[in-house]
Amino acid sequence: MNFIFISPNFPTKFWQFCDALKKNGATVLGIGDAPYEELVPELKRALTEYYKVTDMLDYKQMYKAVAYYAYHYGPIDWIESNNEFWLDMDAKLRTAFHVTSGIGEDKIMSIKEKSEMKKYYAKGGIRTARQLKAAQGLEAALNFAEDAGYPLFSKPDIGVGAGGAHKLEDEEQLCRFFETTPHVEQYVIEEYVTGNICTYDAIVNSQGDPLFESMCVCPPSIADIVEYNLDSTYYVEKHMSENLRYWGRKTVKAFEVQSRFVHLEFFCLDRAHRGLGEVGDFVALEVNMRPGGGFTPDMINYAHSVDVYKIWADMICFDKNTTPYPNDDYYVMFSGRRDNVKYVHSHEDIMNKYKAQLRQWDRLPKALSGAMGDQTYIARFKSKEEMDEFYNYTTSRA
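Numbering (the working numbering), first residue to last: 5 to 402.
Rendered as structure tokens:
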């Protein structure tokens with residue numbers, strides 16, 4: 005099997021996907037813009053060859069790289085990045101080289117544009133917040149607001165995380181949004197839904213059936229974390245909600261997902277919402293056809309005593325999971341603290357008190373700290389009470 009991994013060096017830990025593929029007998033071929041010397045040793049060992057381009061947004065360079073590999077190694081079986089930013093490029097290259105193992109250029113907008121996602125949710129009978137394209141104009145938005153009520157929520161039709169998102173509290177803010185937002189036609193406006201964001205994380209086979217499933221809970225949304233300078237926290241549940249499992253699997257089928265790692269976002273309503281459900285019901289937010297960002301894959305591994313990198317590679321190479329599930333489950337929390345905030349407990353306090361539970365602690369670069377914090381901790385616990393105590397200990401402000 006010839007597998008081309010796009011940008012295998014970022015995030016850094018993606019070398020583990022490549023390593024797992026190599027151990028399964030695949031020929032792993034990398035394309036990236038980083039010099040070969042800068043690749044971590046583990047990635048160098050996993051790659052059969054690495055092709056450096058100067059600009060990964062330059063389709064001609066990327067096409068030339070794939071053509072080089074096809075000439076030297078034969079037909080390409082897979083092209084994948086597992087990275088939101090490169091999904092569009094992945095799809096273009098698959099289409100150009102007749103690689104049918106992933107999403108092609110004809111369907112990529114269904115998982116990139118939030119407005120297009122709505123059509124698939126509707127087809128699958130999955131509840132979502134009502135939405136309007138800002139391109140329909142201010143008058144249409146005012147009529148939408150009259151029915152949906154304030155606040156509203158605006159966000160780019162194509163985008164990841166909280167970038168460009170705004171809460172619109174009233175008509176004045178809605179009008180100002182239209183007047184002052186560059187490229188406002190590229191936004192969508194939705195009715196405002198409140199509740200914890202929960203994610204259905206799964207690796208699915210060629211039939212769209214899950215080989216592995218997990219659940220994350222994100223008490224503050226990324227939008228609120230960035231806007232209000234909150235501490236970044238989220239956790240992997242010890243056991244998945246059966247209700248979320250139902251809606252996650254239903255979404256996978258609605259989007260006709262095959263042979264992918266998925267990260268599907270839902271609201272768990274904290275209040276009854278007209279047309280959407282009661283407290284505790286799940287409402288679809290958006291789909292991400294790749295692993296959860298940041299440290300999520302590692303947190304899932306810690307929570308369930310598994311190796312999602314290997315499970316994913318087994319799906320790619322064998323269309324099945326070859327590793328028995330150990331049923332050794334934990335709660336795993338990520339806690340990110342900010343340098344500009346004074347906390348009750350110091351870094352040294354945390355390291356001393358939770359040395360047995362901590363699995364990772366890292367300093368993050370400024371490019372990531374806005375959403376995730378400057379100093380981060382990942383710890384695992386057998387009970388939710390222990391995890392809640394860790395949350396309070398690490399986030400209490402002086």
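Just so it is clear, CB atoms sit at the ideal spot from N, CA and C, and this is done for glycine as well.
Relative to the C-alpha of residue i, which residue among the options is closest?
i	options	result
Lys461	Asn6, Asn28, Ser11	An answer regarding residue 461 cannot be provided, because it is not within the stretch 5 to 402 covered by the chain.
Leu47	Val57, Thr58, Lys56, Gly34	Gly34
Asp59	Thr399, Ala95, Ile10	Ile10
Asp23	Arg49, Val348, Ala133, Arg363	Arg49
Glu53	Asp62, Asp323, Ala69, Lys64	Ala69
Ala30	Leu43, Leu51, Ala276	Leu51
Leu368	Val197, Ser236, Glu389	Ser236
Ser218	Ala95, Phe265, Ala258, Gly212	Phe265
Ala206	Gly199, Asn200, Leu215	Leu215
Arg134	Glu352, Phe21, Leu289, Met303	Leu289
Glu88	Gln140, Phe14, His76	Phe14
Ala360	Phe394, Asp366, Arg180, Ser350	Phe394
Leu280	Ala317, Glu189, Trp316, Gly199	Gly199
Glu42	Gln65, Pro12, Val32, Phe21	Pro12
Met355	Lys324, Thr398, Leu248	Thr398
Asn396	Lys370, Ala371, Asp366, Lys357	Lys357
Gln211	Leu248, Phe182, Arg253	Arg253
Ala38	Gly108, Thr16, His187	Thr16
Met303	Asp343, Lys324, Phe385, Glu117	Phe385
Val188	Glu176, Gln140, Lys324, Asp323	Gln140
Lys370	His351, Asp343, Asp353, Glu389	Asp343
Ile201	Gly163, Glu84, Leu248, Glu109	Leu248
Asp323	Asp213, Asp94, Thr255, Tyr232	Asp213
Thr255	Tyr232, Arg275, Met293	Met293
Round the Cβ separation of residue i and residue j to the nearest angstrom and send it over; I've been treating them as touching at under 8 Å.
i	j	result
Ser105	Trp90	That pair is no contact at about 16 Å.
Ser427	Ala169	Absent from the model: residue 427. The displayed extent of the chain is 5 to 402, so no value can be given.
Tyr196	Pro155	4 Å
Thr132	Lys123	In fact, because the Cβ distance is near 10 Å, the residues do not count as touching under 8 Å.
Pro295	Asn147	Incorrect: roughly 39 Å between the Cβ atoms, too far for contact.
Ile80	Tyr73	6 Å
Lys56	Tyr40	6 Å
Cys179	Leu142	7 Å
Phe21	Trp316	6 Å
To the nearest angstrom, how far is the alpha carbon of residue i from that of residue j?
i	j	result
Glu269	Gly374	20 Å
Glu194	Ser339	29 Å
Asp92	Arg98	10 Å
Thr411	Cys220	As displayed, the chain neither begins before 5 nor continues past 402, which places residue 411 out of reach and without an answer.
Val103	Arg363	39 Å
Leu61	Val44	23 Å
Thr185	Leu172	13 Å
Arg401	Val345	7 Å
Thr326	Asp174	54 Å
His419	Trp251	This structure gives no information on residue 419, because the portion of the chain shown stretches from 5 to 402.
Asp318	Val32	14 Å
Tyr75	Glu241	46 Å
Glu183	Leu372	30 Å
Asp285	His267	19 Å
His277	Cys222	20 Å
Glu181	His349	The question names Glu, yet the displayed sequence has Phe at residue 181. Their backbone Cα atoms lie some 40 Å apart in a straight line.
Met113	Asp228	27 Å
Gly36	Ile107	20 Å
Lys388	Phe299	20 Å
Gln65	Leu136	37 Å
Would a C-beta distance cut-off of 8 Å place residue i and residue j closer than the cut-off?
i	j	result
Asn209	Ser245	no
Ile320	Phe7	yes
Val291	Leu273	no
Arg341	Gly377	yes
Asp151	Ser119	no
Met391	Tyr239	yes
Tyr191	Ala149	no
Gly128	Lys257	yes
Phe259	Ile115	yes
Ala100	Tyr77	no
Tyr63	Lys111	no
Val312	Pro301	yes
Does any CB atom of chain C fall closer than 8 Å to the CB of residue i?
i	result
Gln364	Within the model displayed, chain C is absent; a lone protein chain is all it includes.
Is residue i near the ligand COA - that is, is its Cβ less than 7 Å away from at least one heavy atom of it?
i	result
Trp90	The ligand COA is not among the ligands present in this structure, which contains no ligands whatsoever.
query = Between the region 371-391 and the region 326-345, do at least 3 Cβ pairs fall closer than 8 Å?
reply = Yes, they touch.
message = Using a Cβ distance threshold of 8 Å, determine whether the region 323-335 contacts the region 297-310, with at least three qualifying pairs required.
response = A contact exists between the region 323-335 and the region 297-310.
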